[in-house]
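Peer 1: Below is one structure. I have some questions about it.
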Amino acid sequence: MTKDTAADAPQNDAPKLAPSEEAALATVLAVMLQGHKLTVERLGERLVRVTAGAGSRGVEVGCRRRASDGDRCWFTWGDSPVWLCEADNPTEAVLQVKSALRTVGTTP
Numbered sequence: 002m003t004k005d006t007a008a009d010a011p012q013n014d015a016p017k018l019a020p021s022e023e024a025a026l027a028t029v030l031a032v033m034l035q036g037h038k039l040t041v042e043r044l045g046e047r048l049v050r051v052t053a054g055a056g057s058r059g060v061e062v063g064c065r066r067r068a069s070d071g072d073r074c075w076f077t078w079g080d081s082p083v084w085l086c087e088a089d090n091p092t093e094a095v096l097q098v099k100s101a102l103r104t105v106g107t108t109p
């Protein structure tokens, strides 16, 4: 039996990229929504689909920069420029998502 050394370990010289601010904020929102017992599916780095559970319709929420607000991050409905709220206020986003889920209801 040989002992592994640092020289034996595979080398990966590729630079590690930090997640984008939008991705980090989408993750914060996803965790908060899960804390409210909602089902969250990651659709992309900046996009999540949220449902109230099996058989319920869902909504998609993204995070993107808003040029008209100094390039600050905002949550959006889907991956569109339909602005939900500023991303520095995820509690407001949770309230709006929960309200939207009550509106869309369940699948027939």
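To convert a position in the sequence shown, counted from 1, into the numbering used here, add 1.
Quick reminder that beta carbons are idealized off the backbone N, C-alpha and C, glycines included.
Just to check my reading of the structure: V44 and A88 have Cβ atoms closer than 8 Å, yes? What is that Cβ distance to the nearest angstrom?
Peer 2: Start at 1 with the first residue of the sequence shown, and residue 44 comes out as number 43. Start at 1 with the first residue of the sequence shown, and residue 88 comes out as number 87. This sequence places Leu at residue 44; Val is not what is there. Between A88 and L44 the Cβ distance is about 17 Å, and since that is not below 8 Å, they are no contact.
Peer 1: E46 by DSSP, collapsed to three states: which one?
Peer 2: Here residue 46 corresponds to residue number 45 of the sequence shown, with the count starting at 1. E46 falls in the coil class under three-state DSSP.
Peer 1: Am I right that V95 and L34 are in contact with their C-beta atoms under 8 Å? What's the rounded C-beta distance?
Peer 2: Locating residue 95 in the sequence shown gives position 94, where the first residue counts as 1. Locating residue 34 in the sequence shown gives position 33, where the first residue counts as 1. So it is a contact: roughly 6 Å between Cβ atoms.
Peer 1: By DSSP's criteria, V51 is part of a beta bridge. Which residues make up the other side?
Peer 2: Locating residue 51 in the sequence shown gives position 50, where the first residue counts as 1. Beta-bridge pairing links V51 to V41, V60.
Peer 1: Using CA coordinates, which residue listed in G71, R66, E42, T52 is at the minimum distance from V100?
Peer 2: Along the sequence shown, read from residue 1 onward, the residue named residue 100 stands at position 99. In the sequence on display, residue 100 carries Ser and not Val. When only C-alpha atoms are compared, the closest one is T52.
Peer 1: Should R103 go down as buried or exposed, given a rule of 16 or more other Cβ atoms within 10 Å for buried?
Peer 2: By one-based count along the sequence shown, residue 103 stands at place 102. By the 10 Å Cβ count, R103 comes out exposed.
Peer 1: Roughly how many angstroms lie between the CA atoms of T92 and V41, to the nearest whole one?
Peer 2: Residue mapping note: residue 92 aligns to position 91 of the sequence shown, counting from 1. Residue mapping note: residue 41 aligns to position 40 of the sequence shown, counting from 1. The straight-line gap from Cα to Cα measures roughly 16 Å.
Peer 1: Name, in chain order, the residues that DSSP records as bridge partners for R66.
Peer 2: Here residue 66 corresponds to residue number 65 of the sequence shown, with the count starting at 1. R66 is bridged to C74.
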